[in-house]
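The numbering of the sequence shown is our numbering, which starts it at 1083 and goes up by one. Heads up, the beta-carbon is just placed ideally off N, CA and C, and yes, glycines get one too. Note that the coordinates shown come from a computational prediction; the quantities given were computed from them, not determined experimentally. Note sheet for the following structure.
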Amino acid sequence: MPLLRESLCHYCYDALDRLIGHARQGVQRHQRFYCKSRLATEIHGAIQYSIVQHGDLLLAQLRSEAGAIDTTLLATDQQCSV
């Protein structure tokens, strides 16, 4: 008889086959939100990361934890690499 194992990680996908969340036992769940085809916000417990963009241009990353916001300005090349 095969040995049944408990899954180590649980992944969630949306209707467009994008990863929208994952969870491991004993670790807080990750959630992801998209704007069009780009990742816009990721939440891991009390920490939230958001990307500010205009069209295809990445402008800044916001990190929020317990009401404190940290902003990082981004510079990109023509291929939108940071």
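Please list the terminal residues of the continuous beta strand (DSSP E) segment that includes T1154.
Mapped onto the sequence shown, residue 1154 falls at position 72. Taken as a continuous stretch (DSSP letters only), the beta strand (DSSP E) holding T1154 covers 1150–1155.
Once you ignore the five residues that flank A1105 on each side, which residues in its own chain have a CB closer than 6 Å to its CB?
Counting from 1 along the sequence shown, the entry for residue 1105 is found at position 23. Non-local C-beta neighbours of A1105 in its own chain, meaning closer than 6 Å and more than five positions away in sequence, comprise H1092, R1111, ordered along the chain.
For the ligand SAH, any of its heavy atoms closer than 7 Å to the Cβ of D1152?
No copy of the ligand SAH appears in this structure; indeed no ligand is present at all.
Where Q1135 falls: helix, strand or coil (DSSP):
Reading the sequence shown from its first residue, position 53 is the one you call residue 1135. DSSP places Q1135 in strand when its eight states are reduced to three.
Quick check on S1132: buried or exposed, where buried means 16 or more other Cβ atoms within 10 Å of its Cβ?
In the sequence shown, counting from the first residue as 1, residue 1132 sits at position 50. Flag for S1132 reads buried.
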